[in-house]
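> The opening residue of the sequence shown carries number 4 in this note's numbering; numbering runs sequentially from there. Right, I'll just put the structure down here and ask away after.
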Amino acid sequence: MTIVIQDIRSQTPKRSTTRSETNINKVVRHHSATTSGDFWIFWNGRWVKLGWIVGGYHEIILPDGTVQLCYDPNMITNGVAGHNSRSYHICVVGNGKFTPVQEKAWEERCRLAMKRFNLKPSDVVGHGELTPSACPGINMNTVRSRLGKVNPIEPTFFSNAFGRDCSRFVCKGAKVKELQEKLLLLGEKLPRFGADSDFGKETEDGIKTFQARHDLVVDGIAGPTTLNKIEELIKLSNKGPFPDVSTDHWASKEIETVKEAGIMNGFADGTFKPNEPVTRAQLATVAANLLKK
Numbered sequence: 004m005t006i007v008i009q010d011i012r013s014q015t016p017k018r019s020t021t022r023s024e025t026n027i028n029k030v031v032r033h034h035s036a037t038t039s040g041d042f043w044i045f046w047n048g049r050w051v052k053l054g055w056i057v058g059g060y061h062e063i064i065l066p067d068g069t070v071q072l073c074y075d076p077n078m079i080t081n082g083v084a085g086h087n088s089r090s091y092h093i094c095v096v097g098n099g100k101f102t103p104v105q106e107k108a109w110e111e112r113c114r115l116a117m118k119r120f121n122l123k124p125s126d127v128v129g130h131g132e133l134t135p136s137a138c139p140g141i142n143m144n145t146v147r148s149r150l151g152k153v154n155p156i157e158p159t160f161f162s163n164a165f166g167r168d169c170s171r172f173v174c175k176g177a178k179v180k181e182l183q184e185k186l187l188l189l190g191e192k193l194p195r196f197g198a199d200s201d202f203g204k205e206t207e208d209g210i211k212t213f214q215a216r217h218d219l220v221v222d223g224i225a226g227p228t229t230l231n232k233i234e235e236l237i238k239l240s241n242k243g244p245f246p247d248v249s250t251d252h253w254a255s256k257e258i259e260t261v262k263e264a265g266i267m268n269g270f271a272d273g274t275f276k277p278n279e280p281v282t283r284a285q286l287a288t289v290a291a292n293l294l295k296k
């Protein structure tokens, strides 16, 4: 089963403060106590009327198994009063009855969260185990028992970034190649496969490096925030002396000076590779160009 992800993180209302992911010590399961609904129905129908500035859950699993990715883990949501600062909240839409595809999606998403936050099945709790409530409408001992079984994590399908032909680690096509080329242009490394049109582990690692370099949430997902940052930097780089040297690079003016003076040139592909070490041959070329002046 392939899980469909609706990444709405760039659209959801947020508070101005965040937390460190290392603070998270439990995953909390909820149910919506409704037979249908999604983030926006819950937001407009209840949460905004309560005066909330942020929604209740990090993820919402719809009846067809689609997962709405609502918030990054560093955002504190309003899942359980008094327990939010250290909790990651996942809601399964339903009222005590859930579809098989929802349970499959829950198990995959919960296991991914457990791996990310270094948690055990015993760290997964229901809303009603933290405060008196009928939520999450399921026996959590049964839920934890299932989580204790080792199952392979199947590819997760991201509908927002590359269209409906793409799943994590099974994503191929022109849009993936375009993403890879932009990562390379911005100085990231894909040493083994390069821009091969295949979204594999190397591409995910390249995205993680890019995210870390630009103070984004490091999850390896080419979601709206990451893609927007890539586009922003590409536009800046087009105004610099080389495509991979943006105008805000600390050495942009110096690089432009030596380029215009004919002292240093770019590579055959038109890039400068500002973070690459200089070889003896390149140094000799620079020295020779200086002697000609």
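Every residue, glycine too, gets a C-beta built ideally from N, C-alpha and C.
1) At a cut of 8 Å, does the segment 54-70 reach the segment 94-102 through at least three beta carbon pairs?
2) Between the segment 281-296 and the segment 252-260, do at least 3 Cβ pairs fall closer than 8 Å?
3) CA-CA distance, residue 72 and residue 269?
4) Here's the rule: buried if 16 or more other CB atoms are within 10 angstroms of the residue's CB, otherwise exposed. What is residue 185?
5) Do the segment 44-55 and the segment 97-110 touch if we need at least three Cβ pairs shorter than 8 Å?
6) Determine the contact status of residue 139 and residue 33, defining contact as a CB-CB distance below 8 Å.
7) What does a CB cutoff of less than 6 Å around residue 136 pick up in its chain, not counting 5 residues either side in sequence?
8) Given that a residue counts as buried once 16 or more other Cβ atoms are within 10 Å of its Cβ, and exposed if not, what is residue 76?
9) Within 10 angstroms of its Cβ, does residue 88 collect 16 or more other Cβ (buried), or is it exposed?
10) How is the alpha helix (DSSP H) around residue 208 delimited, first residue to last?
11) Just to confirm, is the Cβ distance from residue 143 to residue 30 under 8 Å?
12) According to DSSP, is residue 279 helix, strand or coil?
13) On the DSSP bridge list, what partners appear for residue 44?
14) Please list, in chain order, all residues of the same chain as residue 120 whose beta carbon is under 6 Å from its beta carbon, the five residues on each side excluded.
15) Please classify residue 69 as buried or exposed, where buried requires at least 16 neighbouring CB atoms within 10 angstroms.
16) Identify which residue in 220, 180, 259, 38 has its Cα closest to the Cα of residue 23.
17) Who pairs with residue 62 in a beta bridge, going by DSSP?
18) Compare the C-alpha of residue 36 against each of 141, 199, 291, 230 and name the closest.
19) In whole angstroms, what separates the C-alpha of residue 158 from that of residue 177?
20) Using a 10 Å radius around the Cβ and a threshold of 16 neighbouring Cβ atoms, would you call residue 114 buried or exposed?
21) If you draw a straight line from the alpha carbon of residue 206 to that of residue 188, how long is it in whole angstroms?
22) For the candidate residues 60, 80, 198, whose alpha-carbon lies nearest to that of residue 21?
23) Kindly indicate the opening and closing residues of the beta strand (DSSP E) around residue 31.
24) Can you name the start and end residues of the beta strand (DSSP E) that residue 6 belongs to?
25) Indicate the three-state DSSP secondary structure (helix, strand or coil) for residue 129 in the structure shown.
26) Using the Cα positions of residue 84 and residue 126, report the straight-line distance between them to the nearest angstrom.
27) Quick check on residue 120: does DSSP put it in helix, strand or coil?
28) Any beta carbon of chain C sitting closer than 8 Å to that of residue 23?
A quick look at the data gives this:
1) Because the criterion of three Cβ pairs below 8 Å is met, the segment 54-70 and the segment 94-102 touch.
2) Taking a cut-off of 8 Å for Cβ pairs, the segment 281-296 and the segment 252-260 do not touch, as fewer than three such pairs fall below it.
3) Residue 269 has its alpha-carbon roughly 42 Å from the corresponding atom of residue 72.
4) Buried.
5) At 8 Å Cβ cutoff, the stretches do not touch.
6) By the CB criterion at 8 Å, residue 139 and residue 33 fall inside the cutoff.
7) Exclusion of the five residues before and after residue 136 leaves 130 as the residues of its chain whose Cβ lies within less than 6 Å of its Cβ.
8) Its Cβ being crowded by 16 or more others within 10 Å, residue 76 is buried.
9) Per the 10 Å Cβ criterion, exposed.
10) Segment 204-216, the alpha helix (DSSP H) holding residue 208.
11) No Cβ-Cβ contact shorter than 8 Å links residue 143 with residue 30.
12) In the three-state DSSP reduction, residue 279 falls in the coil class, being neither helix nor strand.
13) Per DSSP, none; premise fails for residue 44.
14) Answer for residue 120: 27, listed in chain order.
15) Per the 10 Å Cβ criterion, buried.
16) Taking each of 220, 180, 259, 38 in turn and checking the Cα distance to residue 23, the smallest one comes out for 220.
17) Residue 62 is bridged to 72, 93.
18) Measuring from the Cα of residue 36, the nearest candidate turns out to be 141.
19) Low confidence applies to residue 158: its pLDDT is 44, below 50, so where it sits in the model is not reliable, and the reading given next is rough at best. Rounded to the nearest whole angstrom, the C-alpha separation of residue 158 and residue 177 is 20 Å.
20) Counting the other CB atoms within 10 Å of its CB gives residue 114 a total of 16 or more, which places it among the buried residues.
21) Rounded to the nearest angstrom, the two C-alpha atoms are 14 Å apart.
22) Comparing alpha-carbon positions, the option among 60, 80, 198 lying closest to residue 21 turns out to be 80.
23) The continuous beta strand (DSSP E) containing residue 31 extends over residues 29-34.
24) Unbroken beta strand (DSSP E) run through residue 6: 6-10.
25) Residue 129 falls in the strand class under three-state DSSP.
26) Here the alpha carbons of residue 126 and residue 84 stand approximately 18 Å from one another.
27) It is helical.
28) No chain C appears in this structure, which consists of one protein chain only.
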